[in-house]
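As structure tokens, the structure follows; a few thoughts come after it.
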Amino acid sequence: MSLAELVASLRAVLPCDAVLHEIEDLRPYECDGLSAYRQLPMAVALPQDEAEVAAVLRICHARKIPVVARGAGTGLSGGALPHEQGVLLSLARLKRILEVDPIARTARVQPGVRNLAISEAVAPYGLHYAPDPSSQIACSIGGNVAENSGGVHCLKYGLTVHNILGLRVLTMTGAILEVGGACLDSPGYDLLALMTGSEGMLGVVTEVTVKLIPRPECARVAMAAFDDIRKAADAVASVIGAGIIPAGMEMMDGVAARAVEAYAHAGYDLTAAAILLCEADGAAEEVEDEMHRVERIMQMSGAVDVRLSGSEAERLRFWAGRKAAFPAAGRISPDYYCMDGTIPRNRLAEVLGGIEALSAEYGLRCMNVFHAGDGNLHPLILYDASRPGELERTERFGARILEMCVRVGGTITGEHGVGIEKIDQMCAQFGPGELEAFHAVKAAFDPDALLNPGKAVPTLRRCAEHGAMHVHGGTDRFPGLPRF
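Residue numbers for the sequence shown follow my numbering, so the first one is 812 and each next one is one higher.
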């Protein structure tokens, strides 16, 4: 199908300004937060309601045109990278909060609603939506569902899958599926969990019913500085081992802490090898007791300094530093590559040592930021894409980190998804039987493989090729894809 025919077909069901096809109009959609890989789509469709989404899908299905759904574009795995012969389906205009039920503590929202906007809308009822990715000011709830996002408070309150009740999803044919419901359980297969984290490969989410929870009466943060990163890692295990479930527990190494302090002025110790943040929330008396228990554990674990937030402003300042880690990295390096893997908490010190050794081997600096409580690592590899071969070296460094996560009993992703970034490492994580099952699930929902093709789940052939690449050092993980 020619571009002119595609544009004419889309404009038959969408307003003219909702179909983009000129190169300058397509540029903003050529990548997501993984900007090292870019690809222009044939066209961008900007529907404003579910009926228009369905119409676009039916047109593309009839003509066998690939479709890549996109939310706010804040993803970090290339999950929203367009298909060069396909349509980029933006859900940014579906941004209405449809209903808030403060009695049932639920909200129905469209996929383009920003994560933070949900909590802002329900704040008058003393409620909030718990998952809070670092990009929550910008990321959309539809994208959160696609990647099963978490955030700094996921240790206590869970990931997206633990905080949603139902979805309306359109299949590639434009048919409507309603999964989940208002009850704690529902008959049949758990399609709600299957759709959450499916990275736009099974259907397009057009509505999300989220759980709301009461805002805690009180919250405080302990900020501890350590002169040895392994002591900080051991402190994490000690806190959990003491039976404490913090609302959030985050760690930064010295490189990250210094970069963040220069950017956000959060009050971090510039001489520390590691900074550990541990938050308690709940009733005031409960929080006070937990904070003092955490303070003692930090001191016994070798912290050189422990500070407890004395006001809400100070608590927010401590967290502002952690949430500014990514933009802070952009100030000290021309480019950075944010990894995402998860490991057992008791292997944290070992993996940190491994990352340090890999940093020396590849000659690249690495800022380490962790959701320490649940073992979710976010190493930020600092590089300069203008230097020949440096991106490729960065990729190999990142791949080694992910494969190390698998070796110690972890997984290649915690919340960013697989997209294109980690597709080869899926071969290290899963065997042929599991991959065949994944492809069977994909085929059940999208037999023509038109939804987000080539993402998240590698073919067995690709895994065989990856095995050869891994043994012989490899050359190009994404042949033919433009890199910047």
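All C-beta atoms, glycine included, are put in the ideal place defined by N, C-alpha and C.
What are the start and end residues of the alpha helix (DSSP H) that includes A1048? I1040 to G1052
Just to confirm before moving on: does the CB-CB distance between A1046 and I1108 stay below 8 Å? yes
Per DSSP, what kind of secondary structure is N1187 in: helix, strand or coil? strand
Could you tell me the alpha carbon to alpha carbon distance between E1276 and P1243, rounded to whole angstroms? 13 Å
Best match in N959, G1174 and H832 for proximity to L1005 [C-alpha to C-alpha]: N959
Using the C-alpha atoms, what's the distance from S1009 back to T1222? 16 Å
Report yes or no: do three or more beta-carbon pairs, one from the region 1052-1064 and one from the region 1170-1185, lie closer than 8 Å? yes
Excluding the five sequence neighbours on either side, which residues of its own chain have a C-beta within less than 6 Å of the C-beta of N1187, listed in chain order? T1153 and G1225
Would you mind reading off the limits of the alpha helix (DSSP H) that contains L817? L814 to R822
Have a look at V855 and R1207 and give me their C-alpha separation to the nearest angstrom. 33 Å
Kindly identify the DSSP beta-bridge partner or partners of G1174. Partner(s): none; G1174 has no beta bridge.
A1255 versus V1105, G1014, A873 and A1267, residue with shortest Cα-Cα distance: Closest by alpha carbon: G1014.
For E1101, which residues of its own chain have a beta-carbon under 7 Å away from its beta-carbon, when the five flanking residues on both sides are left out? I1055 and A1091
For the candidate residues L831, A1267, P1269 and D1257, whose alpha-carbon lies nearest to that of L981? D1257
Straight-line Cα distance separating H1189 from C1149: 6 Å
Short check: CB of G977 to CB of L1002, under 8 Å? no
Which term fits I914, buried or exposed, when burial requires 16 or more other beta carbons within 10 angstroms of its beta carbon? exposed
Sequence-distant residues of its chain with Cβ nearer than 7 Å to R1288 (five each side left out): Since pLDDT at R1288 reaches only 47, below the 50 mark, its modelled position is unreliable, and the value read off the structure follows with that caveat. Correct list, in chain order: E1206 and D1235.
Inspect the beta-carbon positions of E910 and A918 and report whether they are closer than 8 Å. yes
What is the residue span of the alpha helix (DSSP H) that F1256 lies within? Run containing F1256: P1243 to F1256, per the alpha helix (DSSP H) assignment.
When the distance is taken between beta carbons, is C1177 closer than 8 Å to L1159? no
On the premise that S888 lies in contact with L845, defined as a C-beta separation below 8 Å, what is that separation, rounded to the nearest angstrom? 6 Å
What residue range is occupied by the uninterrupted beta strand (DSSP E) comprising M1102? Looking at the DSSP string, M1102 is not in any beta strand (DSSP E); the run it does join, the alpha helix (DSSP H), is A1095 to M1111.
Evaluate the contact criterion for the region 957-975 versus the region 937-944: three or more CB pairs, one atom per stretch, below 8 Å. A contact exists between the region 957-975 and the region 937-944.
Comparing alpha-carbon positions, which option in Q1110, G992, E1072 and G886 lies nearest S1049? Q1110
Using DSSP with H/G/I as helix, E/B as strand and the rest coil, what is R925? strand
Give me the Cα-Cα distance between H973 and V1021, rounded to the nearest whole angstrom. Going from the Cα of H973 to the Cα of V1021 covers about 9 Å.
Using a Cβ-Cβ cut-off of 8 Å (strictly less than) and excluding sequence neighbours within five positions of V830, which residues of its own chain qualify? V818, L821, R822, A854, V855, A856 and L857
Buried/exposed call for P826, threshold 16 Cβ in 10 Å: exposed
Cβ pair count under 8 Å reaching 3, the region 834-845 against the region 983-993: At 8 Å Cβ cutoff, the stretches do not touch.
Measuring only the C-alpha atoms, how far is G1141 from Y1074? 10 Å
Determine the extent of the alpha helix (DSSP H) in which D836 is found, giving its start and end residues. I834 to L837
Starting from the C-beta of P1301, find all residues in its chain whose C-beta is less than 6 Å away, skip the five residues before and the five after it, and write them out in chain order. Outside the displayed span of the chain (812 to 1295) sits residue 1301, for which this structure offers no information.
G1214 versus V1162, A993 and F1249, residue with shortest Cα-Cα distance: The residue you asked about is not Gly; residue 1214 is Glu in the sequence shown. Of the candidates V1162, A993 and F1249, the one whose C-alpha sits nearest the C-alpha of E1214 is V1162.
Given a cut-off of 8 Å on the beta-carbon distance, is the pair R904 and Y840 in contact? no
Beta-carbon proximity of E1125 to V1117, cut-off 8 Å: It is not a contact, given that the beta carbons lie outside the stated cut-off.
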